[in-house]
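First residue of the sequence shown: 0, per numbering that gives the first Met the number 0; consecutive thereafter.
Report on the following structure.
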Amino acid sequence: MHSQFTHYTRLFKTSELNSRSLIWGAMLFDNGFKKRFKNSPKMFHRLSPFDISARTSLGGYDIPKDTVVLINHFALHRDTKYWKDPEKFDPLRFLDENGKMDPTKLDSWLPFSAGRRVCLGESIAKPEILMMCVHLLLRFEISLPEGVKPNFVGVHRDVFGTESPADLRIVVKERLR
0 MHSQFTHYTR LFKTSELNSR SLIWGAMLFD NGFKKRFKNS PKMFHRLSPF DISARTSLGG
60 YDIPKDTVVL INHFALHRDT KYWKDPEKFD PLRFLDENGK MDPTKLDSWL PFSAGRRVCL
120 GESIAKPEIL MMCVHLLLRF EISLPEGVKP NFVGVHRDVF GTESPADLRI VVKERLR
């Protein structure tokens, strides 16, 4: 299991697991998440859609006054300046060599958009994803089959652009209670 997840599963290794301990763990996780991204508002104001108040140029392009500028998230998330092999499915690309979120990637990653166009479901999605992962890790031991290494070749993209590996085999064992 990756060290990032091991830290959070240690919070919940208890014989008496209840809603209160899960909520406490989620608050600790959320607090760590907020600390890690405390500078994000400084970043978001530059990346949100805005009107150009005077004629200007950007990246060699002339931009007339009153033009609305939007961020191309597709291009942002596939910029080879920040991402090695951006078309390759690699969930670990956001982590540094210590398994922590790489702060140098923050300016090149906006999964929920920003500013006035921010995803309304972000505040619901983050805790739901956390709780789902916590419940799965508490009930099951998840690993790769013996001798198998992770392989993210053969990624497919669904109609909404979500990427997933085509053939990823895992072993799921129920934990003893």
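Think of the CB as a built atom: it goes at the ideal place given N, C-alpha and C, for glycine as much as any other residue.
Remember, predicted model here, so these are calculated numbers, not experimental data.
Along the region 56-101, the beta strand (DSSP E) occurs as fully enclosed runs of 3 or more residues at 60-62, listed in sequence order. Setting aside the 5 residues that flank it on each side, P85 is surrounded in the same chain by H76, R77, D78 and T79, each with a C-beta closer than 8 Å to its C-beta; the list follows chain order. Between the beta-carbon of P149 and that of V170 there is about 13 Å, and that puts the pair past the 8 Å contact cut. By the criterion of a C-beta distance shorter than 7 Å, F111 is surrounded in its chain by V117, C118 and E121, once the five residues flanking it on both sides are discounted. Your pair R174 and F139 checks out as a contact, with CB atoms roughly 6 Å apart and the cut at 8 Å. Counting only the Cα atoms, D50 lies some 14 Å from S56.
Scanning S163, A124 and K172 for the CA closest to the CA of L137 turns up K172. In this model, S142 and E127 are separated by some 22 Å (Cα to Cα). Take the alpha-carbon of M131 and the one of S163: they are about 18 Å apart. In terms of Cα proximity to V147, the closest of V133, D166 and R156 is D166.
For A53, same chain residues with a beta-carbon under 7 Å away, outside a window of 5 residues either side, are K64 in chain order.
G58 has its alpha-carbon roughly 15 Å from the corresponding atom of T66. In the DSSP assignment, no residue is bridged to K104.
In the DSSP assignment, the residues bridged to K172 are E140. Here V133 is buried, its C-beta having at least 16 other C-beta atoms within 10 Å. In this structure, the straight-line span from the alpha carbon of D61 to that of P102 is close to 32 Å. Annotation for V154: the continuous beta strand (DSSP E) segment containing it runs V154 to R156.
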